[in-house]
Structure formats: C-alpha cells, structure tokens
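**Student:** In the numbering used here, the protein residues as written are 378 to 524.
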C-alpha cells in the first residue's frame with residue numbers, strides 16, 4: 378500500500394507540472410489574450426504552490442513528525458490540494474499586476490495583437506455606432522452626424 382501511495386503522490390506532482398508546461402506550450406502567435414492570460418495564471422499558480430510548499434518545509438522539521446507513513450501520505454495529498462487552492466486564490470486576488478506584466482511580455486514576444494481569436498473585422502464596431510459615440514462624447518461641439 379505504501380508503494381502505491383508513493384507512486385500516486387509522485388504521479389500527481391508530475392501531472393501538475395506537465396499541465397502547466399502544456400498550457401504555456403500552447404501559446405502561439407495566433408493565441409488570444411484570454412488564452413495567454415489563462416496560461417500565465419496556470420503558471421503563476423503552480424509557482425506559488427511551490428513557494429508555499431517550500432515555506433512549509435522551512436518551518437517544519439520532518440524528523441519531528443512521528444506518524445504512520447500511510448497517514449503521512451494522505452496528509453500530503455490533502456496539503457497539496459490545499460496549497461493548490463491557496464495558490465490559485467493568491468494569484469486571483471493579489472497577482473493582477475504581475476499577471477498583466479507577464480501577459481504583456483508574452484504578447485510582445487509572440488507578436489500577439491488581438492484580444493480574441495475572431496478576425497478584427499468581425500469584432501470592429503460599425504461606422505454609425507462609432508460616429509454616435511463620438512457625438513455623445515462631444516455634444517457641445519458636434520451638432521449632427523453625417524453618415
């Protein structure tokens with residue numbers, strides 16, 4: 378049973394790292410800003426999770442813990458899930474500036490300009506609505522809109 382738990386624990390850690398690598402690896406010049414942001418958040422969450430685990434290890438001496446190894450493995454499974462959830466919340470609540478910096482840098486490096494995968498002409502507003510918006514902003518200077 379111990380060997381089974383150890384292999385499952387190792388597989389879960391490896392899978393998390395691989396998922397993060399795949400999400401970053403999927404970014405191309407055709408990616409949307411939303412896709413880049415999702416990949417960056419995945420990366421940040423994984424990195425924050427690793428930071429939290431290292432912080433825990435620096436405070437807790439594993440030699441002091443004298444408990445059954447299988448119980449310890451179950452506790453580690455639970456703690457990993459807790460670290461993952463906590464890291465995700467930290468990234469969502471505090472990481473906006475860093476996330477945006479990473480997204481902007483990746484978009485510059487890959488030459489990504491659009492915000493969605495739709496062609497630009499499909500998401501552009503029509504001339505009439507643009508003229509109306511300009512007229513509303515400048516009501517004291519614009520008296521009419523020519524179409």
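Where is the CB? At the ideal position from N, CA and C, for every residue including glycine. All of these numbers come straight from a predicted model, not from anything done at the bench.
Could you tell me the alpha carbon to alpha carbon distance between residue 389 and residue 426, rounded to whole angstroms?
**Tutor:** Those two C-alpha atoms are separated by around 14 angstroms.
**Student:** Per the contact definition of three or more C-beta pairs closer than 8 angstroms, is the segment 428-437 in contact with the segment 471-491?
**Tutor:** No: the two stretches stay apart, fewer than three of their Cβ pairs being nearer than 8 angstroms.
**Student:** If you draw a straight line from the C-alpha of residue 408 to the C-alpha of residue 420, how long is it?
**Tutor:** When rounded, the distance between both Cα atoms is 16 angstroms.
**Student:** Under the three-state reduction of DSSP, which class applies to residue 472: helix, strand or coil?
**Tutor:** Reduced to three states, the DSSP call for residue 472 is coil.
**Student:** Can you tell me which of the three DSSP states residue 409 falls into?
**Tutor:** Looking at residue 409 - three-state DSSP - the assignment turns out to be coil, as it is neither helix nor strand.
**Student:** How should residue 387 be labelled, buried or exposed, when 16 other C-beta atoms within 10 angstroms of its C-beta is the threshold for buried?
**Tutor:** Exposed, because fewer than 16 other Cβ atoms sit within 10 Å of the Cβ of residue 387.
**Student:** What's the gap between the Cα of residue 486 and the Cα of residue 418?
**Tutor:** Distance between the alpha carbons of residue 486 and residue 418: 18 angstroms.
**Student:** Which residues in the same chain as residue 397 place their Cβ atom closer than 6 angstroms to its Cβ, once the five residues preceding and following it in sequence are excluded?
**Tutor:** So the list reads 419, 420 and 423, once near-sequence residues are dropped.
**Student:** For residue 437, which three-state DSSP category applies?
**Tutor:** DSSP places residue 437 in coil when its eight states are reduced to three.
**Student:** For residue 419, name the three-state secondary structure that DSSP assigns.
**Tutor:** Looking at residue 419 - three-state DSSP - the assignment turns out to be helix.
**Student:** Going by C-alpha distance, which of 399, 393, 462 and 411 is nearest residue 489?
**Tutor:** Among 399, 393, 462 and 411, the Cα nearest to that of residue 489 belongs to 411.
**Student:** State the DSSP-derived secondary structure class of residue 430, mapped to helix, strand or coil.
**Tutor:** Helix, per DSSP.
**Student:** Per DSSP, what kind of secondary structure is residue 467 in: helix, strand or coil?
**Tutor:** In this structure, residue 467 counts as helix in the three-state DSSP scheme.
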